[in-house]
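Residues 1 to 212 (UniProt numbering) are what the sequence shown spells out, left to right. Positions of the beta carbon are idealized from the N, C-alpha and C atoms, including for glycine. Okay, so here's the structure we're looking at.
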Amino acid sequence: MLKKIFIGLLAAACVCCLSGCVIQLPSQNPTTSSPSSQTEDTTSKDSATPSSSTNTSSQSSTPSSDGEIGREDAFSIALENAGISQSDVYNIKIERDGDNGIPIFDIEFETDYGDFDYEVAIADGSIIGSDCEIQEEWAYRQPNNPVSEDQVKTLVQQKVPDAPLSDIRVWQESDDGRLRYEGNLSYNNIYYEFEVDSQTGIILDWNADYRR
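Shown next, in the form of structure tokens:
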């Protein structure tokens, strides 16, 4: 009798051991972990695409019967010129207005480190006015990236494509012992003034004013 009981218990133990191995197998199966990784990839792609999707939608809305650009187009143009991601801005204001008889979108937005104001022509999307100010305290905390006068000119030319380097005037000024570059440019009926921190290469102040 005891022998039969012992044999029965031994058989039950073997069944339990086998069932335990089966439970572990799903965790070793690659297919159980792949859905989560695929979901993460999809999520990261979705979070990285708003700018591209915005550009796509703006391009599709650009061709209108009167040739005018839309608000989204104007906003994208301002963000691109400022070199800022849409996810970094807040307090956005976009109003239809006029400057010297030119219909424009007046675009204002803020970031944690500066204020930005743009005037974008509705007819062709050109920037005819801007006023951008970066907080010096924030700029001075950024990693050092010293720039020369020639590099400042190149930086300005990137913001004003086709502007001749020879027309960009740059000189040095000192503010509490910290050097900065100041300069101006007159191009295509727009007068530009700017200030660049010499230690970081960050544009502290950028102003553009349309003049006929």
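>> If you reduce the DSSP assignment to three classes, tell me which class Y140 lands in.
In response: Sequence index remark: in the sequence shown, residue 140 carries index 140 (1-based). Reduced to three states, the DSSP call for Y140 is helix.
>> Residues in the same chain with beta-carbon distance under 6 Å from Q59, minus the five sequence neighbours each way, listed in chain order, please.
In response: By one-based count along the sequence shown, residue 59 stands at place 59. For Q59, the predicted model reports a pLDDT of 32, less than 50, meaning its position is unreliable; a value from the coordinates is still stated below. If we look at Q59 and ignore the five residues flanking it on each side, it has no Cβ neighbours.
> Roughly how many angstroms lie between the CA atoms of N189 and V170, to the nearest whole one?
Replying inline: In the sequence shown, counting from the first residue as 1, residue 189 sits at position 189. In the sequence shown, counting from the first residue as 1, residue 170 sits at position 170. Those two C-alpha atoms are separated by around 19 Å.
> Does the beta-carbon distance from D99 to E119 come in below 8 Å?
Replying inline: Position 99 of the sequence shown holds residue 99. Position 119 of the sequence shown holds residue 119. Yes, these two residues count as a Cβ contact at 8 Å.
> So is the beta-carbon of P161 under 7 Å away from any non-hydrogen atom of the ligand ATP?
Replying inline: In the structure shown, the ligand ATP is absent, as is every other ligand, since no ligand is present at all.
> CB-CB under 6 Å to A208, same chain, minus the five flanking residues each way: which ones, in chain order?
Replying inline: The residue you call residue 208 lines up with position 208 of the sequence shown. Within the same chain, and ignoring the five residues on either side of A208 in sequence, the residues whose Cβ sits closer than 6 Å to its Cβ are G129, S130, I190 and Y192.
> For R211, is the classification buried or exposed, using 16 other Cβ atoms within 10 angstroms of its Cβ as the cut-off for buried?
Replying inline: Your numbering for residue 211 matches position 211 in the sequence shown. Per the 10 Å Cβ criterion, exposed.
> Under a Cβ-count criterion, where at least 16 other Cβ atoms within 10 Å of its own Cβ denotes burial, should K153 be classed as buried or exposed?
Replying inline: Residue numbering aside, residue 153 sits at position 153 when the sequence shown is read from its first letter. Burial call: buried.
>> Please classify I180 as buried or exposed, where buried requires at least 16 other C-beta atoms within 10 Å of its C-beta.
In response: Here residue 180 corresponds to residue number 180 of the sequence shown, with the count starting at 1. The amino acid at residue 180 is misidentified as Ile; the sequence shows Arg. R180 comes out buried.
>> Across the region 130-142 and the region 86-104, are there enough close Cβ pairs to call them in contact, namely three or more that are closer than 8 Å?
In response: Result no; under three Cβ-Cβ pairs closer than 8 Å.
>> Give me the residue from F105, P103, E110 and I104 with the minimum Cα distance to Q86.
In response: Residue mapping note: residue 86 aligns to position 86 of the sequence shown, counting from 1. Answer by Cα proximity: E110.
>> With a threshold of 6 Å on Cβ separation, who are the neighbours of W206 within its own chain once the five nearest residues in sequence on each side are excluded?
In response: Here residue 206 refers to the residue found at position 206 of the sequence shown. Excluding residues within five positions, the ones whose Cβ falls inside 6 Å are C132 and F194.
>> Quick check on D162: does DSSP put it in helix, strand or coil?
In response: By 1-based counting over the sequence shown, the position of residue 162 is 162. Of the three classes helix, strand and coil, the one that applies to D162 here is coil, per DSSP.
>> Suppose you measure from the CA of I145 to the CA of L155; what does that come to, to the nearest Å?
In response: Within the sequence shown, the letter at position 145 stands for residue 145. Within the sequence shown, the letter at position 155 stands for residue 155. The identity of residue 145 in the sequence shown is Asn, whereas the question assumes Ile. One C-alpha to the other measures close to 13 Å.
> Between the Cα of G125 and the Cα atoms of L185, I168, D73 and S186, which residue gives the shortest distance?
Replying inline: For the purposes of this step, residue 125 is taken as residue 125 along the sequence shown, with counting starting at 1. Of L185, I168, D73 and S186, the smallest CA-CA separation from G125 is found for D73.
>> Whole angstroms are fine: how far does the CA of I92 sit from the CA of P161?
In response: Taking the sequence shown and counting its residues from 1, one reaches residue 161 at position 161. Taking the sequence shown and counting its residues from 1, one reaches residue 92 at position 92. Those two C-alpha atoms are separated by around 26 Å.
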